[in-house]
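The opening position of the first sequence corresponds to residue 1 in full-length UniProt numbering, with each subsequent residue numbered one higher.
Report on the following structure.
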Amino acid sequence: MKTMQDETRKGPWTEQEDILLINFVNLFGDRRWDFIAKVSGLNRTGKSCRLRWVNYLHPGLKRGKMTPQEERLVLELHARWGNRWSRIARKLPGRTDNEIKNYWRTHTRKKAQERKSVVSPSLSSSNCSSSSNITTVNSSSPPGTGDASFYDTGGLEQVASSGKNGEAVQEKGYSMDDIWRDIENTIEPVFDGFSEEGCNFSYPPLASPSWEYCPDMLWSISVEESRMFLPYDDGTMLLTG
DNA sequence: AAGTAAAACAACCGCACGGAA
DNA sequence: GTTCCGTGCGGTTGTTTTACT
């Protein structure tokens, strides 16, 4: 029989969960999601953990509104690759596929509505409800064709945290920046240095040279042992065992 | 100031793929 | 060669925030 604790949690992540996840990702890297989900004590699936990390907790993420350059780049790349969101995201440092997908969705919806109101203004009053599920993907022609220049944006403008969501992560006055600062001060992270094309994120300067050489030791840790890493309430880690 | 619509954001689900057993 | 498991991706939906009337 399943107790409440055995139930896999769903829904919004709490600050505590975030901190826990960040700590464990720092310890074990961002690859073994199932493992992290298990040893962290989070009653979440590995999938859920990964998603939370990739879309929200990753230190390289930008926040706030897309810049005009980014918007143009999205349009350009989508015209070229279609709904290859992850691929498009790789060309937009700090942006996630989810974010781009969401942007595109609202963008196309807006375009569709504009178009509709222009093409058939007489129908707009009687038929506008149908716009809810329209994804006129191909309807938005790429803006101009100055391809190459788009790929070399020379680093996108720093608009992070200036947007309306700069505050979104500051629930209870404890921002992700604060969390990262805490973690930076309390543990030595292990980033496996993976900087494949698929990851444009730039980590904050959190080097951990020592652990990179013997990652296997970490993977062989038992669930019991991993409990020693559970954080305190304030997000710091108990490393002494 | 309140209500409503639209936009933005966050998260889950199902499927596909690749690697290990 | 096959099966199983973990991970990544794209689609979709639910929730929250913002703008407008």
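Built from N, CA and C at the ideal position, the CB exists for glycine as well.
On a predicted model such as this, the values are computed, not experimentally measured, just so you know.
Sequence-distant residues of its chain with Cβ nearer than 8 Å to residue i (five each side left out)
| i | result |
| --- | --- |
| ASN138 | Residue placement at ASN138 is flagged as unreliable, the pLDDT there being 37, under the threshold of 50; a coordinate-derived value is accordingly withheld. |
| ARG87 | LEU77, TRP81 |
Best match in the options for proximity to residue i [C-alpha to C-alpha]
| i | options | result |
| --- | --- | --- |
| ILE22 | PRO12, ALA37, THR8, LYS10 | ALA37 |
| GLU71 | TRP104, GLY94, ASP18 | TRP104 |
| GLY60 | LYS47, PRO93, ASN102, ASP30 | PRO93 |
| GLY11 | TRP33, LEU27, LYS47 | LYS47 |
DSSP three-state assignment for residue i, whether helix, strand or coil
| i | result |
| --- | --- |
| LYS91 | coil |
| LYS10 | coil |
| GLY60 | coil |
| ASP97 | helix |
| ASN43 | coil |
| THR67 | coil |
| ASP18 | helix |
| ARG50 | helix |
| ASP30 | coil |
| ASN83 | coil |
Cβ-based neighbour list, residue i, same chain, cut-off 7 Å, excluding 5 preceding and 5 following
| i | result |
| --- | --- |
| ASN55 | THR96, ASN98 |
| SER25 | Residue 25 is actually Val in this sequence, not Ser. So the qualifying residues of the chain are ILE36, TRP53. |
| LYS101 | TRP85 |
| TRP13 | ARG52 |
Per-residue burial, residue i [other beta carbons within 10 Å of its own, 16 or more giving buried]
| i | result |
| --- | --- |
| ARG52 | buried |
| LYS110 | exposed |
| ASP18 | buried |
| ARG50 | buried |
| ASP30 | buried |
Proximal residues to residue i (C-beta, below 6 Å), its chain only, five neighbours per side dropped
| i | result |
| --- | --- |
| ARG9 | ASN43, ARG44 |
| THR106 | none |
| ASN83 | none |
| ARG32 | none |
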